[in-house]
Amino acid sequence: MQTWTLLPSLALLHLFSPGGSHGRLSILIYHRVPFQPDPLFPDEGGAETFDRQMRLLTTCFNVISLFDAVQGLRQGKLPSRAACVTFDDGYADNAEVALPILQKHDIFATFFVAAGFLDGGRMWNDTVIELIRRAPGERLDLSGMGLGQFEIGTLPQRRQAIHSVLGKLKYLPPDLRRSRVEAMCALIPVRLPTNLMMTSEQIRVLHNAGMEIGGHTANHPILARLENDAARAEIATGKEMLESIIRAPVRLFAYPNGKPGNDYLPDHVRMVKDLGFDAAVSTAHGAARMGGDLYQLPRFTPWDRGQVRFTLRMAQNMLKAVEAG
Ligand SMILES: [Zn+2]
């Protein structure tokens with residue numbers, strides 16, 4: 342590839358993101374990286390897409406570890422076009438599929454792991470997804486648990502049903518949500534996977550490869566929906582569990598779901614500080630700057646809305662043009 346053809350795009354990114362005290366930090370969020378694209382969520386891509394995105398990212402940005410970026414923000418020494426890669430929740434494919442691709446591109450990513458699901462656990466949203474993926478027949482009647490009726494004859498219909506059920510369950514009190522999901526399990530007689538999340542050994546593999554393991558609570562609750570004592574215990578327990586696995590400090594934290602004011606509140610920011618984390622990330626969009634709150638660093642989903650997507654897309658197009666030519 343002739344990198345000079347990318348120069349206009351790099352110049353643009355440089356303009357948006359100079360180094361030093363005016364530096365801006367782009368932090369990307371990933372969740373699952375399946376080997377092949379999931380037929381239910383084909384837009385999210387698989388290993389090939391991820392590999393392409395990491396190649397583009399390292400071409401256009403200075404990709405550094407989030408821990409180094411936090412130090413850079415603290416000291417006004419961020420490189421120009423700084424970017425970090427993060428993963429939420431602790432999916433097994435992060436170790437199986439993403440790790441070798443990250444290593445190929447020399448990227449040191451951060452993995453925010455909900456520690457309570459390691460070694461055979463499953464998050465409630467994945468239980469819903471896997472139930473509806475496997476449900477037999479063309480119609481699914483969940484009206485008995487107040488969730489509605491769905492046509493599931495086609496993949497788009499199943500995707501729509503998943504979207505609708507997740508939306509209805511997301512902000513229910515945890516106990517009520519658990520009972521609804523259990524009722525769904527009783528109604529849909531299928532075997533569910535127990536290997537979606539990482540094992541403790543996979544966490545150690547990531548850590549030993551130089552990747553950062555970050556806290557994401559024990560059970561992934563919406564912190565804003567918990568009493569303060571319970572929220573604090575969730576954050577603290579998750580940290581302790583991960584530290585006992587990697588035998589090293591867990592220094593960074595990601596708020597579950599991550600929308601400020603909705604999913605977490607100023608009290609939770611204080612708790613994260615008090616529990617000894619060095620910095621924390623939200624899911625508010627944007628790029629982090631010096632002087633911003635290191636305990637609420639914004640992140641964005643790759644190729645989602647916003648200015649960064651625009652420049653990345655542009656660079657991507659240029660990359661395509663180079664390859665075609
Ligand atoms: Zn999460």
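All residue numbers for the sequence shown refer to the working numbering, where the first residue is 342 and numbers rise by one. Note that CB positions come from ideal geometry on N, CA and C, so glycine has one too.
Check	Outcome
Give me the residue from G417, Q416, I370, H504 with the minimum Cα distance to Q394.	I370
In angstroms, rounded to a whole number, what distance separates the CA positions of D619 and H363?	21 Å
Which partner residues does E389 have in the DSSP bridge list?	None, per the DSSP bridge assignment.
Taking 7 Å as the cut-off, does the CB of D306 come closer than this to any heavy atom belonging to ligand 1?	With the chain covering only 342 through 666, there is no way to say anything about residue 306.
Let me check one thing: in DSSP terms, what residues is R489 bridge-paired to?	First, the residue type needs correcting, since residue 489 is Gly and not Arg in the sequence shown. Answer is none; G489 lacks a bridge partner.
Mind checking whether the beta-carbon of H609 lies closer than 7 Å to any heavy atom of ligand 1?	no
Using a Cβ-Cβ cutoff of less than 7 Å, which residues in the same chain neighbour A577 once the five nearest sequence positions on both sides are dropped?	L616
Would you say the beta carbon of P639 comes nearer than 7 Å to a heavy atom of ligand 3?	Judged by which ligands are present, ligand 3 is missing from the structure shown, whose ligands are ligand 1.
Would you mind giving the Cβ-Cβ distance between P597 and L564, rounded to the nearest angstrom? I have them listed as a contact below 8 Å.	7 Å
For G360 and K418, what's the separation of their Cα atoms in angstroms?	7 Å
According to DSSP, is G461 part of a helix, a strand, or is it coil?	coil
So for I370, helix, strand or coil by DSSP?	strand
How big is the Cα-Cα spacing for Q343 and E437?	Here the model assigns Q343 a pLDDT of 44, short of 50, so the residue's position is not dependable, and the following value carries that caveat. Approximately 32 Å between the Cα atoms of the pair.
Need the endpoints of the beta strand (DSSP E) that G556 sits in, please.	553 to 556
Should D430 be listed as close to ligand 1, given that the test is whether its C-beta is under 7 Å from any heavy atom?	yes
Output the distance between the C-alpha atoms of R588 and S421, rounded to the nearest integer angstrom.	33 Å
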